[in-house]
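Trainee: Pasting a structure here, questions to come.
There are 2 protein chains.
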Amino acid sequence: MTTTDTPVDNGVNVAALLEAREALTAAPEAAQFQWRANCVWEHGTHSRSTIERFFGLGGEQQHKTTFSFDADHPEIFASEDHGATPVEIVLVGLASCLTAGVAAVAQNREIQLRSVSATLEGDMDIQGILGIDSDVRNGFSGIKVTYDIDADASADEIKAIVAQSQKRSAVYDIITNPTNVTVEVR
Amino acid sequence: MTTTDTPVDNGVNVAALLEAREALTAAPEAAQFQWRANCVWEHGTHSRSTIERFFGLGGEQQHKTTFSFDADHPEIFASEDHGATPVEIVLVGLASCLTAGVAAVAQNREIQLRSVSATLEGDMDIQGILGIDSDVRNGFSGIKVTYDIDADASADEIKAIVAQSQKRSAVYDIITNPTNVTVEVR
Chain A
1 MTTTDTPVDN GVNVAALLEA REALTAAPEA AQFQWRANCV WEHGTHSRST IERFFGLGGE
61 QQHKTTFSFD ADHPEIFASE DHGATPVEIV LVGLASCLTA GVAAVAQNRE IQLRSVSATL
121 EGDMDIQGIL GIDSDVRNGF SGIKVTYDID ADASADEIKA IVAQSQKRSA VYDIITNPTN
181 VTVEVR
Chain B
1001 MTTTDTPVDN GVNVAALLEA REALTAAPEA AQFQWRANCV WEHGTHSRST IERFFGLGGE
1061 QQHKTTFSFD ADHPEIFASE DHGATPVEIV LVGLASCLTA GVAAVAQNRE IQLRSVSATL
1121 EGDMDIQGIL GIDSDVRNGF SGIKVTYDID ADASADEIKA IVAQSQKRSA VYDIITNPTN
1181 VTVEVR
């Protein structure tokens, strides 16, 4: 650990987040968000999804640019591997949610991060999706996330940052708890 | 609807999938997969995740290329919007999983698809992630998926394809049912 007079800066504007928290406490209707994705089938198991608009703070919002994602199945599933598999993309969502939280919590606790990386492993028995054994679930049997973090903090402080990120993570909640999904055909 | 002598081709090799199903029924240990992601914190809420290797069919496997994903928070959260938000990335995982399933099921039922697109909407009260109201969950309150499908099939046949895709979807299962996630710091 080094002592420094430089203010802690992980690049997260905690003051703005605390202001937003105060503003939304006073106006909870502005806290109602809708996140969206559009997906177009390309060929075989290959699709392309785009992320552009969302609703929040009482109005329509737009990202600076449109984000595009190719998804596919790998060659060992007789597919063309034009993109990550959908379940790998879910791991990316979890990894990025927890990691953004680590940066925000560390900033709020005035702890300087130097490097943060995470390895995610999701185990799956594909007898589920192949319909071989109806007792096997389609999704992951479990996910393990392992963080390597270098920061101006003790091992216990680092563990506490990760625990707090987990507690406030949207994607951690989505994966660990049931969410209702309705699927309709227009 | 048109009648044609051209064989149905949605680009999914169903014969190979049925062979795999037979092979894995005989050798269930080969059905044990592990999907992986690596995530590196960049700055603020911005991270970059990569997908490269996975384990399955009894050995280490590798994608043809490394897939890379930037994630960030939008400007209205005082962030720099260098990528989609983690929860939008989860919607991409769900969209691409269900869409690959639609193509595979249609192929298996010998129904020619012409176009498939999906719109996903995930509602979220961000009072949860901001810690304003502990009764509000961090994740989506619900997700709605709406398909527009043009195919050589009746409306009922199209609905049945989507329902079967849902039934076998790994990501639909991950989101609608609880999955255990352990988070450790090395």
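As you go down the protein sequences, you meet chains A and B in turn.
For the first sequence, counting from 1, position 147 maps to 147 in the numbering used here; every step adds exactly one.
To get the numbering used here, take the position in the second sequence, counting from 1, and add 1000.
Even glycine gets a Cβ: it sits at the ideal position worked out from N, Cα and C.
#1: Taking C-beta to C-beta, are S141/A and D125/A nearer than 8 angstroms?
#2: Pull up the distance between the alpha-carbon of E1110/B and that of R1168/B, whole angstroms please.
#3: Report the three-state DSSP secondary structure of A37/A (helix, strand or coil).
#4: Terminal residues of the continuous beta strand (DSSP E) containing D148/A?
#5: Mind the definition here: the region 1147-1165 of chain B touches the region 67-82 of chain A only if three or more C-beta pairs lie below 8 angstroms; say whether that holds.
#6: Cα-Cα, which of A163/A, I149/A and V183/A is closest to C1039/B?
#7: For A1084/B, which beta-bridge partners are listed by DSSP?
#8: Got a sec: is the Cβ-Cβ distance from A1170/B to anything in chain A below 8 angstroms?
#9: Measuring CB atoms only, is the region 97-111 of chain A touching the region 1016-1033 of chain B, in the sense that at least three cross pairs come out at less than 8 angstroms?
#10: Report the three-state DSSP secondary structure of T1099/B (helix, strand or coil).
#11: Take every Cβ of the region 1078-1096 of chain B, pair it with every Cβ of the region 1042-1057 of chain B, and state whether three or more of those distances are shorter than 8 angstroms.
#12: In this structure, what does DSSP give as the bridge partners for T119/A?
#13: Does any C-beta atom of chain A lie closer than 8 angstroms to the C-beta of I1007/B?
#14: For F54/A, I'd like the list of residues in its chain whose CB is within less than 7 angstroms of its CB, leaving aside the five on either flank, ordered along the chain.
#15: Starting from G58/A, find everything on chain B with Cβ-Cβ shorter than 9 angstroms and list it in chain order.
#16: As a quick exercise: from V1145/B, K1159/B, R1021/B and L1130/B, pick the residue whose alpha carbon is nearest that of R21/A.
#17: Taking C-alpha atoms, which residue in V1012/B, L1018/B and P1007/B lies nearest to Q127/A?
#18: I'd like to know whether the C-beta atoms of L1113/B and I1143/B end up nearer to each other than 8 angstroms.
#19: Tell me the residue span of the alpha helix (DSSP H) that contains T182/A.
#20: Would you report the Cα separation of D1173/B and L57/A, rounded to the nearest angstrom?
#21: Counting only beta-carbon separations shorter than 8 angstroms, does R36/A have a partner in chain B?
#22: Would you call G1059/B buried or exposed, if buried means 16 or more other Cβ atoms sit within 10 Å of its Cβ?
#23: Going along chain A, which residues have a C-beta under 8 angstroms from R1021/B?
#24: What's the gap between the Cα of N180/A and the Cα of N108/A?
Mentor: Let's see:
#1: yes
#2: 18 angstroms
#3: strand
#4: G142 to A151
#5: no
#6: I149/A
#7: A1071/B
#8: yes
#9: no
#10: helix
#11: yes
#12: T146/A and N1038/B
#13: The sequence shown places Pro at residue 1007/B, rather than the Ile named in the question. Not an interface residue.
#14: F33, Q34, W35, R36 and Q61
#15: Within chain B, no residue comes near G58/A; the closest Cβ sits about 11 angstroms away, beyond 9 angstroms.
#16: L1130/B
#17: L1018/B
#18: no
#19: Per DSSP, T182/A belongs to no alpha helix (DSSP H); it is in the beta strand (DSSP E), V181 to V185.
#20: 31 angstroms
#21: yes
#22: exposed
#23: L130, G131 and I132
#24: 33 angstroms
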